[in-house]
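Protein chains in written order, with my numbering: chain A, 34 to 460; chain B, 760 to 1272.
For every residue, glycine included, the Cβ atom is placed at its ideal position computed from N, Cα and C.
Read through the structure below, which is laid out as structure tokens, and then see the notes.
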Amino acid sequence: MKKLTEKQGFKSVRASILCILAGLLVGFVVMVILSFVNDWITIGDAFHGLAILLGGPFSSGTAQYIVTNLGDMIFYATPLIMTGVSVAIAYKTGLFNIGAAGQFLMGTMGSLLVALNINTSGKPVLGILVWILALVVGALFGMIWGAIPGFFKAVFNVNEVIVCIMTNWIAANIVSWVFGAMPNLVNSGSGKSGYLITTAVTGNGTPKAGLDKLFSGSYLDFGIIVAILLAVLIYVMLTKTTFGYELRACGANKYGARYAGMNEKRNIILSMAIAGGLAAVGGAIYYLNPGIEFKFSSAYSKLPDYGFNGIPAALLGSSNPIAVIFVSLFIRYLSIGGDNLTSAGYNKYIADVIIALIIYFAGFSRLFNDILSRRRKAAPAADTAQRGAIAAAVSSVKPADPEKKPETTEKLIEPEKPKNDGKEAEE
Amino acid sequence: MSEQPYVIEMRHITKIFGTLKANDDITLQLRRGEIHALLGENGAGKSTLMSILFGLYDPDEGEILKDGKPVKISDPNDATALGIGMVHQHFKLVENFSVLDNIILGNEDTVFGFLKKSTARKKVEDLSKKYGLAVDPDAIIEDITVGMQQRTEILKMLYRDNEILIFDEPTAVLTPQEIDELMQIMKNLAAEGKSILFITHKLNEIMEVADRCTVLRKGRYIGTVDVKNSSKEELSEMMVGRSVNFEVEKKPAKPGKAILDVQHLSVKSTSHPKDAVRDVSFKVRAGEITCIAGIDGNGQTELGYAITGLAKAEHGHILLDGEDITKKSILYRAEHGMSNIPEDRHKHGLILDFSLEENIVLRRYREPEFQNHGFIKFDEVRKYADRLIDEFDVRSGAGALSSARSMSGGNQQKAIVARELDHEHKLLVAIQPTRGLDVGAIEFIHSEIVKKRDEGAAVLLISLELDEVMSLSDRILVMYEGELVGELDPKKTTVQELGLYMAGAKKDKIKEA
């Protein structure tokens, strides 16, 4: 049996934790520096601030607040889980779904068109049926929206990133336009401009499923269950089924997948459609909550919030749908803490800075892993420094070859003249 | 010879990786102005030794002397400073730069930060005249022949005034004419006082051009001989450790009905506007190994792609066991009895990031044996993978769970061969099945292919290796510039005659339609 420490999953978790620690450390340094620059913050505030941040929802005073904050943390993590899984599954197929934002908006639009146009107040059973319908319609909107870049990629080999970015803007403007043409859905309450009514008005809100009792005062609803179920479903699909095997093969080596007889074009479109559907469900369950209002005017200004945060969630979770659940919860944990930072004299956006730092370090996670693996092995022939030197030397004489990353010492035995066509040294 | 110091002397070099001695007490002495061949099988330690000389590795024991004085080479810059240059087997050229730009790259003269090419051009022209290295300094690399690209690489070394030139399997990519030219260039260079280290496993070339030859086997130094006083047989015995039987043991073929029938096939080229395969017709019969021979780049790759479904046929038809499969998918072909050992094991043959077992079921995961309602039966996959790993002696770090990327090239190839041969098939399309393998693995794969033939499979072999073509096939078709120019019987023909066809010097009309 392999030791725990050698499992790939363990390595990913270890690297992610290192990213988090490094991000927190640098974030703390920023807070300390701020305490020197600003008169109204002391060095003690920096420690206090760090404690608040680390405390997350638990740093918020009374027990009632803690419960409410915990519930909200989970609620706000829900759309993040969905966009994170959306980016993750596309990534496993070798695609970068930067269009999760647009798919999220299309899902929001699809679900709200259903949920706000049908009034079921006072008829709870019917309300749940309409809610399900709204969710499905939202998902379909997103699937179609996601399939568009997939189609262009598969058939015309247009880079999916470009098409995704375009579809994001198109989605944002379509949403503003469509709801702008439906004055009956607009909230005409005083002081409101550009907001839609909520599902509380039409009675099609997401069921609470008892979670409001557990986390009283929070927004939390059944949506989180849907998100977790979908993430687990996608995980099982990717790791246990032939379809997932095909998607991963297409992502890892599309030529090899073709040779194996897989239809890589179909798989690209399907993968993007599923990714789009997932992001859309994220939008749908967020805005189907009876307490959340959708601001349809200038929807494009909200694009980053919605979809783009899925990218770091997927990255930090190594594109593993289960890990994305925990990462999303963690990101929300920090931002809830950030909301309380004002009591230490800091702006709440410092939490965003620290989250950004952690994500930035996530980019180095492979490096962290390599460093740790190297130390652990401590191969007699190749100590860390020497390997570094070899890597540097090799990279100076041969062009970066993405097909070959030296991963084991076995690979280094015969470095062989750099061959790009796939020939390789014998043992 | 006199007591003059060697220009480069590597003394008692030992390099250990983990438990493996890649180099075990190897001594290599290079004289000024000589062509010194370094001979050995794959894995014999040639590359490790050259990496040490080039500063990529530090030796665990031993020392390197330049002109009799000990030197320390800890990175390639040190090697360059000592005048050591290397022509890699796969060129390190910027494709869309001109020849001149490539030569001066990294060593440019500038005036106030602006490139000044005139002196460089003069020097390159002088060098190319002096050594007979014909190049057009303004041609763009991607437009010129492989031979001229190689001359550009050589000029790169000469431009930097390198004295010690390492040629790493330089002839693998060349046509016979270009090989002759290269041999002449090497002789010129040696005559002008340059010292050449020539890495190869082609004995004919050593006999033709080298002065001395050092032989390595399994990391150990076997000996250095004067080529004049030696023979091919002696060298090959030193290299392999036993007298080599290049013949494949096989009974005469008993051809049956035609399994693969290619009719007037034309295939577009990926790199130039002309068709890569032009109006090619041939049949492959059951119980027969038919070989397409030719120099690399004469349309064999495209032909293989078209037959296996990786590329579209422009014109013509492909029939598999009587059924027209010209427009059928790769999957359909595989399910109807076509196995394929692909030319490029990293691009097509394997998903490098997958485990060995995932790669072993790559072509069969859809079969009910390995899946149930879309869920992969991991137990069955493991059992199947373990069986093939055992039968084909596929060696890897962690058995079925090893990452394909971590395996050596030979074992990667064995895994592909195992997968394709075990899959039930009427036709095996084997493209370069033994590329980059050592003699032992080659013998094994050849015998497995012959076994499949004897069981009644039709085998289409596409190979660049003349030895393989001559020893394995029952029938040879020669391809030249996209056309079939000759049909030969390996028992009646000679390598020389085959070479003439391959070089386009001889052409027959192929009668078969």
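Label N190 (chain A) either buried or exposed according to how many other C-beta atoms from any shown protein chain fall within 10 Å of its C-beta, with 16 as the threshold for buried.
Exposed is the label assigned to N190 (chain A), since fewer than 16 other Cβ atoms lie within 10 Å of its Cβ.
Separation of L1160 (chain B) from I383 (chain A), as counted between CA atoms:
Cα to Cα, I383 (chain A) sits roughly 44 Å from L1160 (chain B).
Examine the Cβ distances between the segment 146-161 of chain A and the segment 349-364 of chain A and report whether three or more of them are shorter than 8 Å.
Cβ pair count under 8 Å is below three, so no.
Taking only beta-carbon atoms, is G294 (chain A) less than 8 Å away from chain B?
Interface residue (Cβ-Cβ distance to chain B less than 8 Å): G294 (chain A) is classified as such.
Can you name the start and end residues of the beta strand (DSSP E) that N102 (chain A) belongs to?
It is not in any beta strand (DSSP E) - N102 (chain A) instead sits in the alpha helix (DSSP H) that spans A96 to K125.
Stretch pair the segment 209-218 of chain A + the segment 336-347 of chain A: three plus CB contacts closer than 8 Å:
Below 8 Å, too few C-beta pairs join the segment 209-218 of chain A and the segment 336-347 of chain A to call them touching: fewer than three.
Contacts of A187 (chain A) in chain B (Cβ-Cβ under 8 Å):
Under the 8 Å cutoff, chain B gives no residues; its nearest Cβ is about 15 Å from A187 (chain A).
Would you mind sorting P896 (chain B) into buried or exposed? The rule is 16 or more other CB atoms within 10 Å of its CB.
Counting every other CB atom within 10 Å of its CB across the protein chains shown gives P896 (chain B) a total of 16 or more, marking it as buried.
I need the DSSP call for H745 (chain B), collapsed to helix, strand or coil.
Since the first residue shown for chain B is 760 and the last is 1272, residue 745 (chain B) is missing from the structure and cannot be characterised.
According to a CB-to-CB cut-off of less than 8 Å, which residues of the segment 1103-1120 of chain B neighbour chain A?
Contact residues of the segment 1103-1120 of chain B toward chain A are D1103, R1104, H1105, K1106, H1107, G1108, L1109, I1110, L1111, D1112, F1113 and E1117 (C-beta to C-beta distance below 8 Å).
Excluding the 5 residues flanking K1033 (chain B) on each side, which residues of the same chain have their C-beta closer than 8 Å to its C-beta?
For K1033 (chain B), where only same-chain residues beyond five positions count, the Cβ hits under 8 Å are G1241.
Beta-ladder partner(s) of V1021 (chain B), from DSSP:
Partner residues in the beta bridge of V1021 (chain B), as assigned by DSSP, are B:F1041 and B:I1077.
Around the C-beta of F776 (chain B), are 16 or more other C-beta atoms found within 10 angstroms, so that it is buried, or is it exposed?
Sixteen is the threshold: when 16 or more other Cβ atoms of the shown chains lie within 10 Å of the Cβ of F776 (chain B), as they do, the residue is buried.
Can you find the residues in the same chain that come closer than 7 Å, C-beta to C-beta, to W202 (chain A), ignoring five residues on each side of it along the sequence?
Around W202 (chain A): Y333.
Excluding the 5 residues flanking S49 (chain A) on each side, which residues of the same chain have their C-beta closer than 8 Å to its C-beta?
Counting only Cβ-Cβ distances below 8 Å, and skipping sequence neighbours, we find L349, G350, S351, A356, V360, A395 and S398.
Which residue's Cα is closest to the Cα of N1057 (chain B): B:A840, B:E1202 and B:Y1260?
When each option's Cα is compared against that of N1057 (chain B), the closest is B:Y1260.
Examine chain B for any beta-carbon lying closer than 8 Å to the beta-carbon of A356 (chain A), and answer yes or no.
So, not an interface residue.
Let me know the secondary structure DSSP gives T1049 (chain B) once reduced to three states.
T1049 (chain B) falls in the strand class under three-state DSSP.
Residues of chain A with a CB under 8 Å from the CB of S1088 (chain B): which are they?
Here the neighbours are G294 and N296.
DSSP on V1153 (chain B), reduced to helix/strand/coil?
The answer is coil: DSSP assigns V1153 (chain B) none of H, G, I, E or B.
Give a yes or no on whether the minimum CB-CB distance between P435 (chain A) and chain B is below 8 Å.
At P435 (chain A), the pLDDT of 37 sits below 50, so the modelled position is not reliable and the matter cannot be decided from this model.
Opposing strand residues paired with F957 (chain B) [DSSP bridges]
B:A796 and B:F926, per the DSSP bridge assignment.
Mind checking if N286 (chain A) is an interface residue toward chain B, Cβ cutoff 8 Å exclusive?
It does: the Cβ of N286 (chain A) has a partner Cβ on chain B nearer than 8 Å.
According to DSSP, residues forming a beta bridge with V971 (chain B)
Just to set this straight, residue 971 (chain B) is Arg in the shown sequence, not Val. Beta-bridge pairing links R971 (chain B) to B:H795 and B:D985.
Which residue comes first and which comes last in the alpha helix (DSSP H) that contains S1222 (chain B)?
Here S1222 (chain B) belongs to no alpha helix (DSSP H); instead the beta strand (DSSP E) covers A1217 to S1222.
What's the gap between the Cα of D826 (chain B) and the Cα of N836 (chain B)?
When rounded, the distance between both Cα atoms is 19 Å.
Using CA atoms only, rank isn't needed, just tell me which of A:S68, A:D72 and A:L54 is closest to D78 (chain A).
When only C-alpha atoms are compared, the closest one is A:S68.
Proximity to H1023 (chain B) [Cα-Cα], best of B:G1133, B:Q936, B:L1236 and B:H1076
Out of B:G1133, B:Q936, B:L1236 and B:H1076, B:H1076 has the C-alpha closest to the C-alpha of H1023 (chain B).
Looking only at its own chain, which residues have a Cβ that is under 8 Å from the Cβ of S916 (chain B), when we skip the five neighbours before and after it?
Sequence inspection shows Met at residue 916 (chain B); the Ser mentioned does not correspond to that position. Around M916 (chain B): G844, M845, V846 and L924.
Take every Cβ of the segment 1110-1122 of chain B, pair it with every Cβ of the segment 271-291 of chain A, and state whether three or more of those distances are shorter than 8 Å.
At 8 Å Cβ cutoff, the stretches touch.
When DSSP labels each residue in this structure, what does T869 (chain B) get in the three-state scheme?
Strand at T869 (chain B).
Going straight from the alpha carbon of S429 (chain A) to that of V853 (chain B), what length do you get?
With a pLDDT of only 36 at S429 (chain A), under 50, the local geometry of the prediction cannot be trusted, and no value is derived from it.
What do you get for D1020 (chain B), buried or exposed, if any count of 16 or more other CB atoms within 10 angstroms of its CB means buried?
Within 10 angstroms of the beta-carbon of D1020 (chain B) lie 16 or more other beta-carbons, which makes it buried.
For the segment 1125-1137 of chain B, which residues have a beta carbon sitting closer than 7 Å to at least one beta carbon of chain A?
Taking a C-beta cut-off of 7 Å against chain A, the contacting residues of the segment 1125-1137 of chain B are R1125, Q1130, G1133, F1134 and I1135, listed in chain order.
So which residues of chain B does R291 (chain A) contact, with C-beta pairs closer than 8 Å?
Proximity of chain B to R291 (chain A) at the Cβ level (cut-off 8 Å) is accounted for by L1069, I1089 and H1107, in chain order.
Within the same chain, show all residues whose beta-carbon is closer than 8 Å to that of A422 (chain A), passing over the 5 residues directly before and after it, in chain order.
Residue placement at A422 (chain A) is flagged as unreliable, the pLDDT there being 39, under the threshold of 50; the coordinate-derived value follows with that caveat. Cβ within range, chain order: n/a, list empty.
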